[in-house]
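Below is one structure, written out as structure tokens; comments come after it.
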Amino acid sequence: MKIQLLGKTHNRKNFTCEEDSLTEYIRKQVSQDIRKRLAICFVAIDNEQNVIGYYTLTSESLGRELIPEKYLKQVPKNYNAPVILLGRLARDITTKGTGLGEHLLLDALFRSYKLSNESIGAMAVVVDPINEKAFDFYRKYGFEQLPDSEKMFLPMKVIEQLI
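Take the sequence shown: its letters are residues 27 to 189, numbered as in the working numbering.
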């Protein structure tokens, strides 16, 4: 299993996960989002180039009102907080119970942390869990729910300790 940027040689048509919208996204929408520079997509592939998991990353900013109190000092007044949005994360149903979801998440956090140190400013990774199961998954890795929002937040300082 390897994790790479999505490419033309990767087979997405057989990818199926428990959440239909995530299945449809990788099969039909992701290429358009990449062309429009709305997201980048990393895929986990097997030896036959079949996509068995994926995640997307994009830049985003959060208003100060959404930032947890203990992190507000990092953000100057009248600024939004630069963050990296882990927009989607999914694994094929055939990989359930193998730890692939965790592997994809840690890879996304590692890449985000590296970006925040080398390429773009970002104080955290943010997710918007699709359901309660996803919410619980992210909470297990230290993500905190943002005030008055469905989004969750994991500061780069915490990611540094995870990776």
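For glycine and all other residues, C-beta sits at the position ideal for the given N, C-alpha and C.
Given residue i as reference, the closest of the options once Cα atoms are compared
i    : options               : result
P102 : L88, V69, N76         : L88
F179 : I110, I71, S142, G123 : I110
E74  : K159, E170, N40, F161 : N40
Q187 : L172, K54, Y139, A65  : Y139
E50  : F136, Y80, G123       : Y80
G33  : Y167, P181, A70, R165 : A70
H129 : L172, R63, F68        : F68
Nearest-angstrom beta carbon gap, residue j and residue i [assumed within contact, 8 angstroms]
i    : j    : result
M149 : P108 : 6 angstroms
I189 : L132 : 7 angstroms
C43  : D162 : In fact, because the Cβ distance is near 17 angstroms, the residues do not count as touching under 8 angstroms.
I60  : L83  : No, I60 and L83 are not in contact; Cβ-Cβ is about 11 angstroms, not under 8 angstroms.
T35  : I78  : Not confirmed; about 15 angstroms, so no contact.
V184 : E86  : The pair is not a contact, with the Cβ atoms about 18 angstroms apart (cut-off 8 angstroms).
Bridge partner(s) assigned by DSSP for residue i
i    : result
I52  : None, per the DSSP bridge assignment.
N76  : N37
Y81  : F68, L115
I29  : A70
P181 : A150
P108 : S87
Q171 : M178
Alpha-carbon spacing of residue i relative to residue j, whole angstroms
i    : j    : result
E170 : I156 : 15 angstroms
D174 : N37  : 39 angstroms
I52  : N104 : 37 angstroms
R90  : L98  : 7 angstroms
D194 : E176 : Within the shown structure, residues of the chain are numbered from 27 to 189, placing residue 194 beyond reach of any answer.
K159 : R165 : 10 angstroms
E45  : A134 : 20 angstroms
K54  : S142 : 30 angstroms
L194 : G113 : Any answer about residue 194 is impossible in this case: the structure gives the chain only from 27 up to 189.
M182 : I29  : 22 angstroms
G127 : G168 : 15 angstroms
V56  : F136 : 22 angstroms
K96  : M27  : 39 angstroms
Q58  : L64  : 9 angstroms
L31  : Q100 : 32 angstroms
N76  : N106 : 39 angstroms
I146 : G125 : 29 angstroms
L172 : D72  : 36 angstroms
C-beta neighbour in chain C for residue i, strict 8 angstroms
i   : result
G79 : Any reference to chain C falls outside this structure, which holds one protein chain only.
Buried versus exposed call for residue i [16 or more other C-beta atoms within 10 Å across all chains shown]
i    : result
G123 : exposed
L48  : buried
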